[in-house]
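Enquirer: Going by our numbering, the sequence shown opens with residue 4, and the numbers climb by one from there.
Just so you know, even glycine gets a beta-carbon here, dropped at the ideal spot from N, CA and C.
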Amino acid sequence: MYVFKAFGALSLITRGSCSLVSKKFLTLPLGEIRPAGWLYDQLVVQTNGIAGHMHEFYDLVSKTDWIGGDSYYSYLEEAGSYWFNAMVSNGILVNHTVIMNKTQEFLDYVLDHQDETGWLGPEVGTDKPRFLWGRYPFFFGAIQMVEYNPALTDRVVTALHKFVVVANKMLREGLGVDKWAQTRWEDFVMVLQWLHDYHPQGQEDLLVDTMVRLKWSGVPWEKVFSEEYFPTVAVETLENPFGLELSWHGVNMAEGMKALPSTYRFTHNVSDLRAASDGWDLMFRYHGRPSGAYAADEMLAGLEAVRGTELCLVVELMFSGSYLYQVSGDPKYADRIERVAYNALPATITANMWGRQYLAQSNQIAAKNMTPNPFPEDGPESNIFGLEPNYPCCTVNFPQGWPKYITNAFLTTRDGESLVHLFLGPFSTSTVLAKDNAVSVDVDTQYPFSDTLVTTVMAMKAFTYFVRIPKWVIGGTISINGGAPKALTPNENGLQPVDIGAGTTEIALELPADITIENRPHGSIAVHRGPLNYAFDIQRSETVLKTDPRQSLAVDLQYDAKEDWEYAIDPSTLKFHQRQVSNLPSPVWDYGLPPVAIIATACLVDWPVDGDMFAASPPENPDCVGPERVIVLSPFGATKLRISEFPVFKSNSLQPNGSDDIYLEQVPLSGITETEP
């Protein structure tokens with residue numbers, strides 16, 4: 004096994020420097036970045052949904068005796084750790100007293116039950132084997148609690164340092180590494196680096212030694228993500244060259260994308276960053292989705308539109324991409340994560356956020372028990388919406404998506420003197436930069452449903468403010484304090500510098516984008532504009548399959564198509580349409596609610612189903628079997644049943660014209676207050 008062959012490299016690294024390479028950009032403490040506008044509303048919807056209520060009834064996280072429970076998921080063995088990691092930031096960002104008290108109670112319980120060796124976890128006082136991984140999400144949550152409430156620093160940091168001692172001893176003895184710890188070691192490395200950066204307590208040597216031992220205890224990600232070994236097709240018929248099947252597991256790979264940037268910090272090898280970049284590109288070339296994510300149901304699944312993407316994969320990819328940008332500064336990571344957040348994440352959760360899928364499909368014409376099952380490694384109910392279809396992990400893990408996106412939306416430069424607005428959307432932030440420069444920022448925008456962002460910056464002293472300009476922006480402009488708009492001039496990191504003086508500065512950005520076409524398998528295409536992928540939103544009927552006896556809002560839902568979906572489109576006829584609205588509906592990610600759309604000339608084609616309920620591959624060069632008509636494409640994130648990878652045809656006559664409303668009436672934009680452009 005590679006893990007043992009490579010272990011000889013251990014001494015070569017540990018004899019080197021115990022310093023860490025600094026990240027290019029640094030995060031702000033939890034609480035200094037807040038969501039605003041529709042993004043704040045989305046977090047409120049999440050809090051009012053399953054995320055904010057599962058502690059009341061859901062057995063995996065509602066136990067009062069977390070450690071003593073028989074369930075292996077209880078407490079720190081996955082579910083409790085996931086829940087804590089997500090709900091710490093969720094509760095604080097919406098100032099939800101009950102959730103904040105529950106996470107504090109959870110933290111207190113964990114630390115109060117640390118044993119004399121330093122171990123934290125459900126194996127305390129039991130005969131269960133000790134494995135390292137289940138603690139890592141808990142550590143992320145604990146770190147955020149310290150950021151928000153520095154009074155917790157001594158208690159949490161002391162407990163973490165005690166755990167490092169026992170973990171290092173276990174690694175030296177070849178203990179604590181199960182198949183999940185083999186793939187997720189990078190999460191613990193990031194925790195150790197936080198200690199090293201901010202609270203080393205003279206233990207730099209031990210911290211770096213533990214980082215190195217973690218790397219050589221598990222999956223060799225630099226090999227997995229190399230062109231030599233990377234799988235270019237769905238992997239169910241392939242033999243894993245490392246004998247580590249879970250190195251091709253979709254969620255593990257999403258987490259593993261943090262591995263090489265984290266090792267770069269202690270190896271100082273730029274080759275680690277190059278390998279991470281190459282692996283990122285390989286992933287989306289061979290398994291990518293128009294939604295920004297990639298396919299893995301359970302393992303890597305290739306490019307076919309019917310294959311699934313796990314919700315856990317989506318939120319872990321968002322976290323890893325954020326970290327990759329912080330370490331490397333490469334704007335491609337930020338561009339993709341923004342696309343994932345505004346497409347893949349909302350698409351796989353019900354609008355009221357009481358139900359979620361385990362797997363989402365690019366072309367999804369039903370959400371129900373599938374016969375035959377298109378997912379080789381997952382169950383036939385994997386795409387229904389509910390409390391815990393297939394596996395429960397996504398229920399407790401998905402709530403980290405929006406909060407972690409928000410907390411990574413602003414960064415500072417390494418010297419602490421400048422502020423960086425990374426992810427575009429409605430936010431506010433208040434922080435103190437270097438040289439005691441108190442700065443506050445308010446971003447007023449409906450982005451990604453609008454191209455306009457108006458940012459008000461208040462500063463005690465002059466500094467340079469940076470805002471990321473995505474690669475899809477064409478002809479964007481910037482105006483300062485009401486001045487004439489000027490063309491954008493972003494630097495190599497995709498950042499537009501703005502000189503901010505003491506006092507108040509207003510920045511107006513216009514970020515228009517063209518409609519773009521992405522080529523997909525079988526001659527099909529996907530449609531994009533800006534960060535949004537557009538899909539045909541299939542009208543659906545809803546059937547309640549079951550209701551949880553403990554909570555009536557927790558239901559499993561089956562969706563069936565209520566209309567034809569077998570459309571080919573003519574890409575030459577695509578036309579973007581935006582309705583000017585003063586307020587977006589709550590929630591915004593549902594059928595007919597976003598105020599943007601793309602209209603296209605289309606026709607029905609002969610497009611069969613495989614089995615009896617999922618779409619076959621898009622037909623190549625199809626003939627129309629019905630008259631041409633105009634259809635409306637909606638943002639992917641608002642769809643629950645959809646076609647997002649279309650066959651193409653050449654239309655004869657019907658072209659969208661200036662009378663767009665007749666077409667947009669097909670998708671009633673309910674709940675929107677209209678204003679004049």
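1) With the cut-off set at 9 angstroms, would you say leucine 303 and methionine 256 are in Cβ contact?
2) For the 8 angstroms Cβ check, are there 3 or more pairs between the stretch 541-555 and the stretch 522-533?
3) For the stretch 213-293, list the beta strand (DSSP E) runs that are entirely contained and at least 3 residues long, ordered along the chain.
4) Span of the alpha helix (DSSP H) holding arginine 175?
5) DSSP three-state call for tyrosine 328: helix, strand or coil?
6) Give every residue of the same chain whose Cβ lies closer than 6 angstroms to the Cβ of glutamine 329, excluding the five residues on either side of it in the sequence, and list them in chain order.
7) Restricting to runs no shorter than 3 residues, where is the beta strand (DSSP E) found entirely within the stretch 323-383?
8) According to DSSP, simplified to helix, strand and coil, what is tryptophan 69?
9) Nearest CA to the CA of glycine 358: which residue from Leu23, Arg37 and Met57?
10) Between the Cα of valine 113 and those of Thr410, Glu126 and Val273, spot the shortest distance and give me the residue it belongs to.
11) Using the Cα positions of valine 530 and isoleucine 520, report the straight-line distance between them to the nearest angstrom.
12) Is methionine 321 helix, strand or coil by DSSP?
13) Per DSSP, which one or two residues make a beta bridge with histidine 424?
14) Assuming aspartate 472 contacts glutamine 499 under a Cβ cut-off of 8 angstroms, what Cβ separation, rounded to an integer in Å, is found between them?
15) Using the rule of at least 16 other Cβ atoms within 10 Å of the residue's Cβ for burial, across every protein chain shown, is glutamine 204 buried or exposed?
16) What residue range does the alpha helix (DSSP H) around serine 544 cover?
17) On the DSSP letters alone, give me the boundaries of the alpha helix (DSSP H) that phenylalanine 87 sits inside.
18) Between valine 608 and proline 650, what straight-line distance do the alpha-carbon atoms span, to the nearest angstrom?
19) For valine 460, report the span of its beta strand (DSSP E) as first-last.
20) State the CB to CB distance for the pair glycine 259 and valine 236, rounded to an integer number of angstroms; the pair is presumed to be in contact (CB under 8 angstroms).
21) Tell me whether the stretch 599-616 and the stretch 361-379 touch, counting them as touching only if at least three CB pairs, one residue from each stretch, are closer than 8 angstroms.
22) Excluding sequence positions up to five away, which residues of its chain have a Cβ less than 7 angstroms from the Cβ of valine 47?
23) Could you tell me the alpha carbon to alpha carbon distance between methionine 193 and lysine 218, rounded to whole angstroms?
24) Cutting at 8 angstroms between CB atoms, please list the residues of its own chain near aspartate 73, excluding the five before and the five after it.
25) Cutting at 7 angstroms between CB atoms, please list the residues of its own chain near tryptophan 405, excluding the five before and the five after it.
26) What is the C-beta distance between leucine 42 and glutamate 150, in whole angstroms, given that I count them as a contact (C-beta under 8 angstroms)?
27) Starting from glycine 40, follow the beta strand (DSSP E) in both directions and report where the run begins and ends.
28) So what does glycine 1 bridge to, in DSSP terms?
29) Assess, as a yes-or-no matter, whether the stretch 339-348 is touched by the stretch 415-429 under the definition of 3 or more beta carbon pairs within less than 8 angstroms.
30) Beta-carbon separation of glutamate 509 and glycine 485 under 9 angstroms?
31) For aspartate 563, report the span of its beta strand (DSSP E) as first-last.
32) CB-CB under 6 angstroms to threonine 550, same chain, minus the five flanking residues each way: which ones, in chain order?
33) Is any beta-carbon of chain C found at less than 9 angstroms from that of tyrosine 570?
34) Please return the same chain residues whose Cβ sits closer than 6 angstroms to the Cβ of glutamate 623, not counting the five positions on each side in sequence.
35) If you reduce the DSSP assignment to three classes, tell me which class serine 589 lands in.
36) Are the beta-carbon atoms belonging to alanine 511 and threonine 455 less than 9 angstroms from one another?
Expert: Inspection of the coordinates gives the following:
1) Yes. Within cutoff.
2) A contact between stretches requires three or more CB pairs, one per stretch, nearer than 8 angstroms, and the stretch 541-555 fails this requirement with the stretch 522-533.
3) As far as the stretch 213-293 is concerned, it has no whole beta strand (DSSP E) run of at least 3 residues.
4) 156-175 is the span of the alpha helix (DSSP H), which, as asked, contains arginine 175.
5) Tyrosine 328 falls in the helix class under three-state DSSP.
6) Within its own chain, the residues whose Cβ lies closer than 6 angstroms to the Cβ of glutamine 329, once the five positions on either side in sequence are excluded, are Lys26 and Phe28, listed in chain order.
7) Within the stretch 323-383, the complete beta strand (DSSP E) runs of at least 3 residues are 362-364.
8) Low confidence applies here, because tryptophan 69 scores a pLDDT of 48, under 50, leaving its location unreliable; read the following figure in that light. In the displayed model, tryptophan 69 falls within coil according to three-state DSSP, outside both helix and strand.
9) Taking the Cα of glycine 358 as reference, the smallest distance to any Cα among Leu23, Arg37 and Met57 is reached at Met57.
10) With respect to the C-alpha of valine 113, the residue from Thr410, Glu126 and Val273 having the closest C-alpha is Glu126.
11) Per the coordinates, the alpha-carbon of valine 530 lies some 5 angstroms from the alpha-carbon of isoleucine 520.
12) Helix.
13) Answer is Phe413 and Val470, bridged to histidine 424.
14) Position check: residue 472 holds isoleucine in this sequence, whereas aspartate was assumed. 5 angstroms between Cβ atoms; contact.
15) An exposed status is given to glutamine 204, since fewer than 16 other beta-carbon atoms sit within 10 Å of its beta-carbon.
16) Where serine 544 is concerned, there is no enclosing alpha helix (DSSP H), although the beta strand (DSSP E) around it starts and stops at 543-550.
17) Per DSSP, phenylalanine 87 belongs to the alpha helix (DSSP H) from 82-96.
18) In this structure, the straight-line span from the alpha carbon of valine 608 to that of proline 650 is close to 9 angstroms.
19) Its beta strand (DSSP E) spans residues 455-462.
20) Contact doesn't hold; Cβ gap of about 19 angstroms is too wide.
21) The stretch 599-616, when compared against the stretch 361-379, does touch it at the 8 angstroms Cβ threshold.
22) Excluding residues up to 5 positions away in sequence, Val97 lie with their Cβ nearer than 7 angstroms to the Cβ of valine 47 in the same chain.
23) Cα to Cα, the separation comes out at about 12 angstroms.
24) Unreliable placement is indicated for aspartate 73, whose pLDDT of 40 sits below 50; no coordinate value is reported for it.
25) Taken in chain order, the residues that qualify are Gln45, Leu46 and Gln49.
26) The C-beta separation of leucine 42 from glutamate 150 comes to about 20 angstroms, leaving the pair out of contact by the 8 angstroms criterion.
27) Looking at the DSSP string, glycine 40 is not in any beta strand (DSSP E); the run it does join, the alpha helix (DSSP H), is 40-51.
28) Examination of residue 1 is not possible in this model, given that the chain is present from 4 through 680 alone.
29) Under the 8 angstroms Cβ criterion, the stretch 415-429 counts as touching the stretch 339-348, having at least three qualifying pairs.
30) When the beta-carbon positions are compared, glutamate 509 and glycine 485 come within less than 9 angstroms of each other.
31) Taken as a continuous stretch (DSSP letters only), the beta strand (DSSP E) holding aspartate 563 covers 558-564.
32) Cβ contact annotation for threonine 550 (same chain, cutoff 6 angstroms, sequence separation greater than five): Val558, in chain order.
33) Included in the structure is just one protein chain, with no chain C present.
34) These residues qualify, in order along the chain: His525 and Gly526.
35) The answer is coil: DSSP assigns serine 589 none of H, G, I, E or B.
36) Between alanine 511 and threonine 455, the gap from beta carbon to beta carbon is short of 9 angstroms.
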